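K.L.:
Provided herewith is a single structure, encoded as C-alpha cells, for subsequent inquiry.
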Amino acid sequence: MHLNLLPPLDPTPLLPLRHPFLRLHQLGHPPPRPVSSRHPRGHRRSPERNHIHPARRNPLRLILSRRRCGRRGPRARRAALRDLPGRGKGLVATRPVARRAVLMVDWAALLVDAEFPQRVRRALGREMLMEAIGGLERGGREVVLGLARSSSDPGGVLAAEDVVKMNSFSVDLGGRSFMALFPRISRMNHACKPSASTRFDMQTLSSTVTTFHQPGEETTISYADWGLTYPERQRVLKQKWGFDCACFLCSSSAEEIAESDARRKAISRLGKEVLVQVEERNYKKAIKLNREMLVALEDEALVPHMGDYYEVMTRLYGALPDIDNAKMFAKLALEDLGVS
Numbered sequence: 001m002h003l004n005l006l007p008p009l010d011p012t013p014l015l016p017l018r019h020p021f022l023r024l025h026q027l028g029h030p031p032p033r034p035v036s037s038r039h040p041r042g043h044r045r046s047p048e049r050n051h052i053h054p055a056r057r058n059p060l061r062l063i064l065s066r067r068r069c070g071r072r073g074p075r076a077r078r079a080a081l082r083d084l085p086g087r088g089k090g091l092v093a094t095r096p097v098a099r100r101a102v103l104m105v106d107w108a109a110l111l112v113d114a115e116f117p118q119r120v121r122r123a124l125g126r127e128m129l130m131e132a133i134g135g136l137e138r139g140g141r142e143v144v145l146g147l148a149r150s151s152s153d154p155g156g157v158l159a160a161e162d163v164v165k166m167n168s169f170s171v172d173l174g175g176r177s178f179m180a181l182f183p184r185i186s187r188m189n190h191a192c193k194p195s196a197s198t199r200f201d202m203q204t205l206s207s208t209v210t211t212f213h214q215p216g217e218e219t220t221i222s223y224a225d226w227g228l229t230y231p232e233r234q235r236v237l238k239q240k241w242g243f244d245c246a247c248f249l250c251s252s253s254a255e256e257i258a259e260s261d262a263r264r265k266a267i268s269r270l271g272k273e274v275l276v277q278v279e280e281r282n283y284k285k286a287i288k289l290n291r292e293m294l295v296a297l298e299d300e301a302l303v304p305h306m307g308d309y310y311e312v313m314t315r316l317y318g319a320l321p322d323i324d325n326a327k328m329f330a331k332l333a334l335e336d337l338g339v340s
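Pasting the structure below:
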C-alpha cells in the first residue's frame, strides 16, 4: 500500500523517557548487545540512552546490516537526480521505462521509533539524531542533509531534525510504527496524479511507475492520501509539508478541478457502499458498485493501486462463486502488483 510521508513532529518540548520505548536506528550499524546502564568508565548512562539500540532479537535486524547500507541495484540506473525549472531537484527517467516497471529500490538510511518525539527530551533527541546521521557510511551524512527541508541551517541540528520531518515515510515493523528515511525515493516530488507508487516489503521501499516514462520525464509520488478533493489536498499539503500544490491537476481550470473532485467523491461513496453490500452478503450488488468504482478510478487516473481493487473483485466473485471471473481478476491483480 501507498506510504504517506509523516507530518512534522510536535514542536513542543519532549518528555523524558520512563520506559524502553525508544529505538533510534541507523543503517550500517548492526544491533549491538543490550547495554548496561553503567558506562564503561563508571558514569551512569541516562535512561534514554539505554534504549537507543534494539535488542538482539528485534525484527529490525532483517534490515540493519552494514553490507546493505547504501546498496544500489541495476534499477538505480533508470532514474537520476536533475535540476527542474521552478521545482528544485527531482528524479527523472534516464531511459524508457515501461508501465508497472520498478524504477528504484531504496534502503532506509534511518529508522526512528514513532514514539521517539514523545519519549525523549528535545535537546537529547536532537543530539542523538545528529549522532546517528553523522555515523552513516559512504557519504551518507551529506546525502541525508541534502534532502528537502524548510530550515536554513546548512547542516546543523535544526537541519537534521527538519530533514526527518519533511522526508520520512511511515512503516510498520514487528507490530511497531517507525519513521523511515529512504534518501533516494525521498527525492521524488509530489503530484496529485502521480506517475509512480511506493510499496514497502519489510526490507526495502520500491517505486513502481504507473505510466510509460520517456527519458527525461519526471517521476512523482503522492504525499497526501489517495482520493482527497482539491481543498482537502491543499490543506493537508500546506499543514504537513508547507507548500501550495501547483501540480498539473491543481493548476487545471476550475471546471476540470470540479469534475475531478466529483469523481473522487463518487469513488469514496462507492467504496463505502461496497462495504455495506458485503456486510449484507449481497455480493452481486457489491460487484456492480465495485465495477463502477473501477471505471471512476480509471477516469481519474488513480491507477497506482488498481491491483488492490482487482483483488477485491477476486474475493467478491469467489464468494458468489464465479470461478472464471475470480481467476480473471486474480490474474489482473497479480500483473498489476508485479507478481509473476
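No gaps in the numbering here: position 288 of the sequence shown is 288 in the UniProt record's numbering, and each next residue is one more. All residues carry an ideal CB built from backbone N, CA and C; glycine is no exception. This one's a predicted model, so the numbers in the text were calculated from it and none came from an experiment.
Among the residues of its own chain, which have a CB less than 7 Å from the CB of proline 215, if the five just before and after it don't count?
P.N.:
The residue labelled residue 215 in the question sits at position 215 within the sequence shown. Result list for proline 215: Ala93, Thr94, Arg95, Pro96, in chain order.
K.L.:
Just how far apart, CA to CA, sit glutamine 118 and glycine 125?
P.N.:
The residue you call residue 118 lines up with position 118 of the sequence shown. The residue you call residue 125 lines up with position 125 of the sequence shown. If you take the alpha carbons of glutamine 118 and glycine 125, they lie about 10 Å apart.
K.L.:
List in chain order: all unbroken alpha helix (DSSP H) runs of 4+ residues lying wholly within the stretch 77 to 160.
P.N.:
116 to 119, 122 to 134, 140 to 145
K.L.:
Our contact map puts tyrosine 283 next to leucine 332 with C-beta atoms below 8 Å; I'd like the distance itself, whole angstroms only.
P.N.:
Here residue 283 is taken as the residue at index 283 of the sequence shown, counted from 1. Here residue 332 is taken as the residue at index 332 of the sequence shown, counted from 1. Not quite, the Cβ-Cβ distance comes to about 18 Å (not below 8 Å), so this is no contact.
K.L.:
Need the endpoints of the alpha helix (DSSP H) that valine 303 sits in, please.
P.N.:
Position 303 of the sequence shown holds residue 303. Element bounds for valine 303: n/a, residue is neither H nor E.
K.L.:
What residues match up with arginine 176 in a beta bridge as DSSP calls it?
P.N.:
Residue mapping note: residue 176 aligns to position 176 of the sequence shown, counting from 1. Looking at the DSSP assignment, arginine 176 forms a beta bridge with Leu173.
K.L.:
Between methionine 293 and alanine 180, what straight-line distance do the alpha-carbon atoms span, to the nearest angstrom?
P.N.:
Numbered from its first residue, the sequence shown carries residue 293 at position 293. Numbered from its first residue, the sequence shown carries residue 180 at position 180. Each residue's Cα considered, the two are about 32 Å apart.
K.L.:
Can you grab the Cα-Cα spacing for the pair leucine 297 / methionine 130, in whole Å?
P.N.:
In the sequence shown, residue 297 corresponds to position 297, counting from 1. In the sequence shown, residue 130 corresponds to position 130, counting from 1. When rounded, the distance between both Cα atoms is 43 Å.
K.L.:
Hey, does threonine 314 have any beta-carbon neighbour from chain B nearer than 8 Å?
P.N.:
Of the protein chains in this structure there is only one, and it is not chain B.
K.L.:
Could you tell me the distance, in whole angstroms, from the CA atom of proline 54 to the CA atom of arginine 264?
P.N.:
Looking up residue 54 in the sequence shown gives position 54. Looking up residue 264 in the sequence shown gives position 264. In this prediction, proline 54 scores a pLDDT of 34, lower than 50, which makes its location untrustworthy; the coordinate-derived value is nonetheless stated afterwards. Straight-line Cα distance between these residues: approximately 42 Å.
K.L.:
For asparagine 282, which three-state DSSP category applies?
P.N.:
Residue numbering aside, residue 282 sits at position 282 when the sequence shown is read from its first letter. Three-state result, asparagine 282: coil.
K.L.:
So what's glutamate 255 in DSSP terms, helix, strand or just coil?
P.N.:
Within the sequence shown, residue 255 is the residue found at index 255, counting from 1. Assigned with DSSP and collapsed to three states, glutamate 255 falls in helix.
K.L.:
Could you check which residue in Arg291, Val295, Gly90, Leu302 has the C-alpha nearest to that of isoleucine 185?
P.N.:
On the sequence shown, position 185 is the one that residue 185 refers to. Taking the Cα of isoleucine 185 as reference, the smallest distance to any Cα among Arg291, Val295, Gly90, Leu302 is reached at Gly90.
K.L.:
Check the C-beta distance from leucine 302 over to valine 209 and give it rounded, since I have them as a contact under 8 Å.
P.N.:
Mapped onto the sequence shown, residue 302 falls at position 302. Mapped onto the sequence shown, residue 209 falls at position 209. With a Cβ gap of about 15 Å, leucine 302 and valine 209 do not count as contacting.
K.L.:
Let me know the secondary structure DSSP gives phenylalanine 329 once reduced to three states.
P.N.:
Taking the first residue of the sequence shown as 1, we reach residue 329 at position 329. Helix.
K.L.:
With a threshold of 6 Å on Cβ separation, who are the neighbours of alanine 80 within its own chain once the five nearest residues in sequence on each side are excluded?
P.N.:
Taking the sequence shown and counting its residues from 1, the one referred to as residue 80 is at position 80. Closer than 6 Å at the Cβ level, and outside the excluded window around alanine 80, lie Thr94.
K.L.:
Does the distance from the C-beta atom of valine 112 to that of valine 144 stay below 8 Å?
P.N.:
Sequence index remark: in the sequence shown, residue 112 carries index 112 (1-based). Sequence index remark: in the sequence shown, residue 144 carries index 144 (1-based). No, these two residues do not count as a Cβ contact at 8 Å.
K.L.:
Between asparagine 189 and glutamate 218, how many whole angstroms is the CB-CB distance? I'm expecting something under 8 Å.
P.N.:
As a position in the sequence shown, residue 189 is number 189, starting the count at 1. As a position in the sequence shown, residue 218 is number 218, starting the count at 1. The Cβ separation is near 7 Å, so the contact holds.
K.L.:
Could you work out which residue in Glu280, Leu275, Leu320, Arg77 is closest to valine 309 when comparing CA atoms only?
P.N.:
Position 309 of the sequence shown, counting from 1, holds the residue named residue 309. According to the sequence displayed, residue 309 carries tyrosine and not valine. The residue from Glu280, Leu275, Leu320, Arg77 with its alpha-carbon nearest to that of tyrosine 309 is Leu275.
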